[in-house]
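Input: a single structure, listed below in structure tokens.
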Amino acid sequence: GTGASPATSIKYAGLPWEMGLTEAHQVLSMNNLRERVTLRTDGGLRTGRDVVMAAMLGAEEYGIGTAALIAMGCIMVRQCQSNTCPVGVCTQDEALRDKFTGNADKVVNLITFYAQEVRELLASLGARSMDDVIGRADLLAQVSRGSAHLDDLDLNPLLITVDGAANIKYDRNKDRNPVPDTLDAEIVRDAARFLEDGEKMQLSYAVQNTHRSVGTRTSSHIVKQFGMRNSLQSDHLTIKLQGSAGQSLGAFAAPGLKLEVSGDANDYVGKGLSGGMIVVRPPMSTPIVAADNTIIGNTVLYGATDGYLFAAGRAGERFAVRNSGAKVVVEGCGSNGCEYTTGGVAVIIGSIGANFGAGMTG
-15 GTGASPATSI KYAGLPWEMG LTEAHQVLSM NNLRERVTLR TDGGLRTGRD
35 VVMAAMLGAE EYGIGTAALI AMGCIMVRQC QSNTCPVGVC TQDEALRDKF
85 TGNADKVVNL ITFYAQEVRE LLASLGARSM DDVIGRADLL AQVSRGSAHL
135 DDLDLNPLLI TVDGAANIKY DRNKDRNPVP DTLDAEIVRD AARFLEDGEK
185 MQLSYAVQNT HRSVGTRTSS HIVKQFGMRN SLQSDHLTIK LQGSAGQSLG
235 AFAAPGLKLE VSGDANDYVG KGLSGGMIVV RPPMSTPIVA ADNTIIGNTV
285 LYGATDGYLF AAGRAGERFA VRNSGAKVVV EGCGSNGCEY TTGGVAVIIG
335 SIGANFGAGM TG
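For the sequence shown, our numbering assigns the number -15 to the initial residue and increments by one for each residue that follows.
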């Protein structure tokens, strides 16, 4: 439950970042695509010198992971995946977490030292900023280490400078693509009386699978206006939807919001559900038998903490994984249902798939 990689993955999976970074930088540059992306690398950047070398090989952003953990107290016992970290850095065990002594200031100091060393190295090269050395592999050279095993290693493929690389502009201030108006934006406008005065309202819309995260932005406005633990009725704002809802319907839905779908919904329904209510049923005119058909997709109620979901039909795989408080009624689910559940209630009126309840603790 720590989220750490298995020891076998750390030891046997992946390649040195230098190889992946240079290949990506060179191929993108040769195809005139380098200016369209930002390259980021991590995996053993221990010093400012490592950061400058990564920049010369083409990186524009740099990830500091293990070094930051060490700054917070990690002693490299390498038990991250076993939940037994003796200094409380990587564990869910409350007794071990009490031993954690790290704080943000230590990480700030580490990054400050990185920046100071980078500044000194850039000054020694006559560079005014990181932009002056990004992609400048010509500033690097392989040196002899006095060992036949090491000197036989040919690093020239890493040090190739692509023709025209000097003309590449590493502009990290590109304009973002404009976000088109969403169904949620329309809902927020139409629900102004509810959001401003608390008036009970019911709104209706047609929905299609390109409408994603319906109800999420509305929930944000509800929480800002009324608070997370509000006294609104469960259907104070009812949104009736007709059609096939896109991914993440009702994600993080807040108390006071009810979403009723006449149709079906894609994956991630009720992801992180936080007190709202979601109802999904087939259209009244449909000839299908609800109990025999899937009406909501995979990974429904992932990480839900509160609220209700009622589905007249089956759910897909990974149903209610890591649910910790939501209550749900559904007519069957696929494999890996209710994994790692710690709370809530799931009433499943129908068949279930393999591995149901694996890792459940509540």
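Where is the CB? At the ideal position from N, CA and C, for every residue including glycine.
Below 6 Å CB to CB, which residues in the same chain sit around residue i once its five sequence neighbours on both sides are set aside?
i	result
residue 82	none
residue 184	220
residue 330	304, 312 and 322
residue 14	146
residue 318	300, 301 and 337
residue 283	251, 252 and 302
residue 262	234, 243, 254 and 293
residue 124	40 and 143
residue 222	186 and 242
Could you tell me which of the options sits nearest to residue i, measuring between CA atoms?
i	options	result
residue 25	194, 173, 17 and 47	47
residue 309	79, 298 and 287	287
residue 356	213, 199 and 264	Past the boundaries of the shown model lies residue 356; the chain is included only from -15 to 346, so the question cannot be answered.
residue 181	188, -7, 210 and 153	210
residue 240	269, 270 and 208	208
residue 315	295, 326, 143 and 324	295
residue 166	96, 196 and 154	196
residue 68	84, 49 and 55	84
residue 94	346, 344 and 51	51
residue 335	307, 152, 60 and 275	275
residue 281	162, 108 and 249	249
residue 216	292, 66 and 260	260
residue 121	38, 76, 224 and -4	38
residue 229	214, 132 and 264	264
residue 3	203, 111, 17 and 140	140
residue 160	77, 21, 258 and 325	21
residue 172	203, 163 and 344	203
residue 270	291, 297 and 132	297
residue 6	170, 277 and 18	18
residue 193	232, 213, 205 and 206	232
Going by beta carbon distance, what residues of the same chain come within less than 7 Å of residue i, once the five residues before and after it are set aside?
i	result
residue 340	321 and 322
residue 56	73, 86, 90 and 91
residue 63	69
residue -12	64, 65 and 74
residue 153	19
Who are the near neighbours of residue i in its chain, counting only those whose CB is closer than 8 Å to its CB and skipping five residues on each side?
i	result
residue 8	23 and 42
residue 102	32, 35, 36 and 114
residue 226	188, 189, 190, 191, 245, 246, 247 and 267
residue 129	135
residue 177	183 and 185
residue 59	70 and 71
residue 75	-14, 67, 68, 69 and 81
When DSSP builds the beta bridges, which residues end up paired with residue i?
i	result
residue 246	226 and 265
residue 241	221
For residue i, which three-state DSSP category applies?
i	result
residue 26	strand
residue 260	strand
residue 109	helix
residue 137	coil
residue 126	coil
residue 102	helix
residue 95	helix
residue 251	coil
residue -6	helix
residue 13	helix
residue 342	coil
residue 235	coil
residue 132	helix
residue 8	helix
residue 20	helix
residue 121	helix
Sequence ranges, beta strand (DSSP E) only - wholly within the region 267 to 340, length at least 3 | 278 to 280, 290 to 295, 308 to 314 and 327 to 332
Considering only residues of the region 141 to 224, which uninterrupted beta strand (DSSP E) runs meet the minimum length of 3 residues and lie entirely inside it, listed in chain order?
-> 185 to 191
Give, in chain order, every unbroken run of the beta strand (DSSP E) that is at least 3 residues long and sits entirely within the region 30 to 85.
-> 45 to 47
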